[in-house]
Amino acid sequence: MIDNHILAPVFIHLFTAILQLIAWRKTVTQRFMSVGGTFIGLLIAIRLFAKVYTEGSLTMNASNWEAPFGIVFVADLLAVTMVLLTSIAGFTVSIFSSVGIARQRMLYGYFPIFHFLLMGLNGAFLTGDIFNLYVWFEVIIISSFVLMTLGGRKAQLEGAVKYMAMNILASTFFLTGIGILYGITGSLNMADLSIRIREFHNQSLIDIAAIFFLLGFGIKSAVFPLYYWLPSSYHTPPSAVAATFGGLLTKVGVYAILRVFSLMFIPDEFTKNLLMVMAVLTILTGAFGALIKTNIRRLFSYLIVCHIGFMLGGVAMFTKAALMGAVFYLIHDIMVKTNMFLIAGYIRQVRGTMDMNRLGGLYASYPLISLVIALVLFSLVGVPPLSGFWPKIYLFQEAFVGKQYFFVGALIVGSLVTMYVIAKMWADVFWKKCPDESVMEDNFKDLPPFKKVLLVMPIVILCSVTLYIGLNAENVVVVVDRISNELLDTSSYIRTVLGDKVFEK
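Going by this note's numbering, the letters in the sequence shown line up with residues 147 to 651, in that order.
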């Protein structure tokens, strides 16, 4: 079904960014515009999700060029789910940013760049053209690089150099793979490529292109051995920026792997084994890296790497239950990781540090918000019946059925290490008394009441969404079941883009 409203999630952030550029030095105006723009974007995303859920996939041909000759945008259930999650995360981060970002950074263009980043994310999820996906990736990289360097501190610049270097390398691999595909098929439309690749007889060239795509997306997803840039850079920017990065940026790479390796490069036995080895090593390196960290955001950065391995393992097995586990974990992880970095920012606001050795006593000072944070931590660990528990059932079940015992072991290690480091963090930050009286100055109590509300509200909103995902898991299972069916049987996606005529040939 053709629907021109598909691009509304992209245009809302484009127009918001342009209006904020006009109000360049009016930071209060920019804050209101940002929260308003992300709220409208959230309403648009909810409407688009509801329409796709009830009526099926939607498509739009740019400039009315019929596919596969022009750029096409496709809203299937996976794409609109990602747009909805991005909109929820973007809305909460914009609220937190209104008080959590220094005015000096706002004067350097924080809010317009933030909305350009959200625009790029939504464009990447909705595009049906592989080169257009590359273009949206570049929008994301440029926006995120600017956000990472705002403020110009030495640690930020060092982290940004590592981030940019690895992402330029990822883009090079990605663009090389696109060049090979275009050279052998003459097409860039992903639905059309799905058909043409199956008809192409030189499988070696297809495999080479697939390796380039895997390298490019692997770097963006921070999988082993391409992950080291993430924990070296995600702890450097402000917490609002880190929340957007931790919740969404690596998940774009996971989404791209799901999309490309279900639609174009159907995994064979070698690819499945390679993905599984990468998944196991990603889980273990992320888990062991988290064990020795005392800085909260560095700890969370390694947990991002660890849990990316959970999703990659689901893709590696490439069965319905495994894909359900991977997509369910993707939904859970976006909400929880965004919230974790906002929580880190809240702790920084209250105590002025994120070093766990110098923290303590938060539960005694703020019991209610501490209990909310505890629910988020329990969800991250996967305590039943919260959101992190349900996808692991699918992953464990399918790993045992497929006799992937190394992956089972890695899942157990990753889960136990996550539980240990989160329990240690809770004990050090919330439970024990603060060892250093100098940091007991409560910066939070000096804030005006409305600023306190704006700092806590995003954490509560994301916690509520996480609780909904866990306590109403049957509704999420219905969605991920349909998504996994569409990933395994791409005929509906191809029919939406190219029409029924392609199956009549």
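C-beta: ideal position from N, C-alpha, C; glycine also.
Mapping DSSP to helix, strand and coil, what is M586? With a pLDDT of only 49 at M586, under 50, the local geometry of the prediction cannot be trusted, and no value is derived from it.
For I657, collect the residues of the same chain with a Cβ closer than 6 Å to its Cβ; drop the 5 residues on either side in sequence, then sort them by chain order. Lying before the first or after the last residue shown, residue 657 is absent from the chain, which here runs from 147 to 651.
Which of the three DSSP states is assigned to L476 in this structure? Helix, per DSSP.
Roughly how many angstroms separate the alpha carbons of M481 and L427, rounded to a whole number? Roughly 24 Å between the two C-alpha positions.
Taking 7 Å as the cut-off, is the C-beta of L644 nearer than that to any heavy atom in the ligand FAD? Of the ligands one can find in the structure shown there are none, so the ligand FAD has no counterpart to examine.
Same chain only: Cβ atoms within 6 Å of R251, ignoring 5 sequence neighbours per side: Contacts found: L296, G297.
Just the C-alpha distance for L488 and L267, rounded to the nearest angstrom, thanks. Those two C-alpha atoms are separated by around 20 Å.
Please determine if the stretch 239-250 and the stretch 591-605 are in contact, where contact requires at least 3 C-beta pairs separated by less than 8 Å. The stretch 239-250, when compared against the stretch 591-605, does touch it at the 8 Å Cβ threshold.
Between the beta-carbon of A208 and the beta-carbon of Y639, is there less than 8 Å? Their beta carbons are not under 8 Å apart, which means A208 does not touch Y639 by this criterion.
Which residue spans inside the stretch 293-368 form an unbroken alpha helix (DSSP H) run of at least 4? List check, alpha helix (DSSP H) in window: 300-331, 336-345, 349-367.
Could you check if E632 is buried or exposed, using at least 16 other CB atoms within 10 Å of its CB as the buried criterion? That one is buried.
Nearest candidate by alpha-carbon position, reference S688, set G182, K197, Q495: In the structure displayed, the chain extends from 147 to 651; residue 688 sits before or after that span and is not available.
Alpha carbon to alpha carbon, how far is L321 from F277? Each residue's Cα considered, the two are about 8 Å apart.
When DSSP labels each residue in this structure, what does S204 get in the three-state scheme? As written in the sequence, residue 204 is Leu, which differs from the Ser given in the question. Three-state result, L204: strand.
Can you give the Cα-Cα distance for G255 and D646, rounded to whole angstroms? As the crow flies, the alpha-carbon of G255 is around 47 Å from that of D646.
Does DSSP classify F219 as helix, strand or coil? Three-state DSSP puts F219 in a strand.
Can you give the Cα-Cα distance for V547 and G528, rounded to whole angstroms? Distance between V547 and G528, taken at the CA atoms: about 22 Å.
Nearest candidate by alpha-carbon position, reference R171, set A213, V229, F257, E201: Considering only alpha carbons, the answer is F257.
Contact between the stretch 412-432 and the stretch 448-465 (3+ Cβ pairs under 8 Å): As far as the Cβ criterion goes, the stretch 412-432 touches the stretch 448-465, which means the pair count is three or higher.
6 Å Cβ shell around T184 - same chain, five flanking residues per side excluded: Taken in chain order, the residues that qualify are G236, F237, S240.
Taking 8 Å as the threshold (C-beta atoms), are A402 and L279 in contact? Yes, the pair counts as a contact, with Cβ atoms nearer than the cut-off.
Alpha-carbon to alpha-carbon, K538 and Y492: The straight-line gap from Cα to Cα measures roughly 29 Å.
Do the stretch 298-310 and the stretch 320-334 touch if we need at least three Cβ pairs shorter than 8 Å? Contact between the stretch 298-310 and the stretch 320-334 is absent, because fewer than three Cβ pairs lie under 8 Å.
Measure from the alpha carbon of K578 to the alpha carbon of each residue in I326, I217, L508, then state which is nearest. When the alpha-carbon of K578 is set against those of I326, I217, L508, the nearest one is in L508.
Going by other Cβ atoms of all chains shown within 10 Å of its Cβ, with 16 needed for buried, is S584 buried or exposed? No answer about S584 holds up, because its pLDDT of 48 lies below 50 and its placement is not dependable.
Which runs of the alpha helix (DSSP H), 4 residues or longer, sit entirely within the stretch 527-610? Fully enclosed alpha helix (DSSP H) runs of 4 or longer: 536-547, 551-572.
Taking the alpha carbon of N210 as the point to measure from, which residue in V606, A368, N335, N150 has its own alpha carbon closest? It is N150 whose Cα lies nearest to the Cα of N210.
Look at the alpha carbon of I652 and the alpha carbon of F411, and state the distance between them as a whole number of angstroms. The structure shown has nothing for residue 652, since the chain only spans 147 to 651.
When you compare only the Cα positions, how much space is there between A270 and W282? Cα to Cα, the separation comes out at about 5 Å.
If you run the structure through DSSP and keep just helix, strand and coil, what is I287? DSSP places I287 in helix when its eight states are reduced to three.
At which residue ranges does the stretch 233-268 contain complete alpha helix (DSSP H) runs of 4 or more residues, listed in the order of the chain? If we require 4 residues or more, the alpha helix (DSSP H) runs fully inside the stretch 233-268 come out as 249-253.
For N150, would you say it is in contact with chain B, using Cβ-to-Cβ distances shorter than 8 Å as the test? No chain B is present in this structure, which holds just one protein chain.
Once you ignore the five residues that flank D574 on each side, which residues in its own chain have a CB closer than 7 Å to its CB? For D574, where only same-chain residues beyond five positions count, the Cβ hits under 7 Å are M502, L505, G506.
Could you name each continuous beta strand (DSSP E) segment of 3 residues or more that falls completely within the stretch 159-202, going from the start of the chain to the end? Unbroken beta strand (DSSP E) stretches of 3 residues or longer found wholly inside the stretch 159-202: none.
Are at least three pairs of beta-carbons, each pair with one atom in the stretch 441-448 and one in the stretch 367-382, less than 8 Å apart? Contact holds: three or more Cβ-Cβ distances are below 8 Å.
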